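In this note's numbering, the protein residues as written are 96 to 233.
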């Protein structure tokens, strides 16, 4: 798969890593918060089985970490995009963009993940570093 080509300079590299890091930090914070017993109540209220608590919490946390370090970046962003679509359409019913129950932040996170899917991991990533290791060291 080819990567989208952006003008390559240090500012772009740092900015793109910053985008991945911001998304990752948000998902790590939300994911770790879902280990809280209060999240079980929320799952029951929206009709999800309580057994989904740990997989949802782990998914958001682990995918956030993978985004920050730049490993399996497109797959991670794809899965996080699916989570955001679920948040927008299933959890919030896509009823209010702003205000109580609004999905504006979910939409921003979806858009940011779509940018990462298109652009790939970028040059500041473990995926990019491992590409530069000579084959005989693998």
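Note that the Cβ used here is the ideal one computed from N, Cα and C, for glycine as well.
From a predicted model like this one, the values you see are computed outputs, not experimental measurements.
Residue i, DSSP secondary structure in three states
| i | result |
| --- | --- |
| residue 219 | coil |
| residue 110 | helix |
| residue 181 | helix |
| residue 129 | coil |
| residue 233 | Note that residue 233 scores a pLDDT of 48, beneath 50, so its modelled location is shaky; the value from the coordinates is reported in the next line. Note: residue 233 maps to coil in three-state DSSP. |
| residue 151 | helix |
| residue 145 | helix |
| residue 120 | helix |
| residue 191 | coil |
| residue 242 | The question about residue 242 has no answer here: the residues shown for the chain are numbered 96 through 233. |
| residue 227 | coil |
| residue 166 | coil |
| residue 59 | Lying outside 96 to 233, the shown extent of the chain, residue 59 is not represented and no answer is given. |
| residue 196 | coil |
Proximity below 8 Å, CB of residue i to CB of residue j
| i | j | result |
| --- | --- | --- |
| residue 163 | residue 116 | yes |
| residue 106 | residue 207 | no |
| residue 59 | residue 221 | No information on residue 59 is available, as it lies outside the stretch 96 to 233 that the chain covers here. |
| residue 174 | residue 205 | no |
| residue 79 | residue 148 | The question about residue 79 has no answer, for the chain in this structure spans 96 to 233. |
| residue 176 | residue 121 | no |
| residue 141 | residue 186 | yes |
| residue 132 | residue 139 | no |
| residue 217 | residue 112 | yes |
Beta-carbon separation (whole angstroms), residue i vs residue j, contact threshold 8 Å
| i | j | result |
| --- | --- | --- |
| residue 201 | residue 228 | That belief does not hold up - the Cβ atoms of residue 201 and residue 228 are roughly 38 Å apart, past 8 Å. |
| residue 126 | residue 169 | About 19 Å separates the two Cβ atoms, so there is no contact after all. |
Interface flag, residue i vs chain D, CB-CB below 8 Å
| i | result |
| --- | --- |
| residue 217 | Reference to chain D is not applicable here, since this structure consists of a single protein chain. |
Legend entry - At least 3 beta-carbon pairs within less than 8 Å: the segment 183-198 vs the segment 144-153: Put simply, the segment 183-198 does not touch the segment 144-153. Fewer than three CB pairs are less than 8 Å apart.
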